[in-house]
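Numbering (the working numbering), first residue to last: 1 to 149. Backbone N, C-alpha and C fix where the C-beta goes; we use that ideal spot for every residue, glycine too. What follows is one structure encoded as structure tokens, with my remarks underneath.
Shown next, in the form of structure tokens:
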């Protein structure tokens, strides 16, 4: 398994993510944003972070553009979590998607959010050949989510 991680810069952590999370908590989705809540794999405490919820063919997915970050490790351990938008809370289970299945999902994710996250994909974009998307697939975890309530 890849150990690829791109840490966010100060602006992203202290300004951008906080602004998106603040709006999302108040019910304003910024291009599909949600606040992901997942239990920490060591502490058991709820951890939150803003994410982009991708919908493809009626299925919902969470993509980790920065790689194998803390929320992805926690998601693997917890097997699910909660997505918040304002007062709405969707509880879900998560299934990690295999690398071979990621190509159309990464393409759709980049088509929608390339301006925001494209820099984390090392020059690969929505118009890149399948082989390039498959090459970077191990570096970007993708989870299929199923809302349970």
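Presumed contact (8 Å Cβ cut-off) between residue i and residue j, rounded CB distance
| i | j | result |
| --- | --- | --- |
| residue 97 | residue 144 | 6 Å |
| residue 65 | residue 117 | 4 Å |
| residue 99 | residue 138 | 6 Å |
C-beta contact flag for residue i and residue j at 8 Å
| i | j | result |
| --- | --- | --- |
| residue 20 | residue 5 | no |
| residue 83 | residue 25 | no |
| residue 148 | residue 95 | no |
| residue 68 | residue 12 | no |
| residue 23 | residue 112 | no |
| residue 56 | residue 104 | yes |
| residue 142 | residue 102 | yes |
| residue 32 | residue 87 | no |
Residue burial classification, residue i (beta-carbon count within 10 angstroms, cutoff 16)
| i | result |
| --- | --- |
| residue 119 | exposed |
| residue 131 | exposed |
| residue 58 | exposed |
| residue 122 | exposed |
| residue 127 | exposed |
| residue 136 | buried |
| residue 15 | exposed |
Could you pull out every unbroken beta strand (DSSP E) segment of at least 3 residues lying fully inside the segment 33 to 66, listed in chain order?
Correct list: 33 to 39, 46 to 56, 59 to 63.
Contact the segment 43 to 50 vs the segment 99 to 111: 3+ CB pairs below 8 Å
Taking 8 Å as the limit for Cβ pairs, the verdict is that the segment 99 to 111 does not touch the segment 43 to 50.
Closer than 8 Å is the cut-off here; do at least three beta carbon pairs connect the segment 65 to 76 with the segment 36 to 44?
Output reads yes: the segment 36 to 44 touches the segment 65 to 76.
Unbroken alpha helix (DSSP H) runs of length 4 or more, entirely within the segment 112 to 140: which are they?
130 to 136
Taking only runs that begin and end inside the segment 79 to 111, name each unbroken beta strand (DSSP E) of 3 or more residues, in chain order.
Listed in chain order, they are 80 to 85, 88 to 96.
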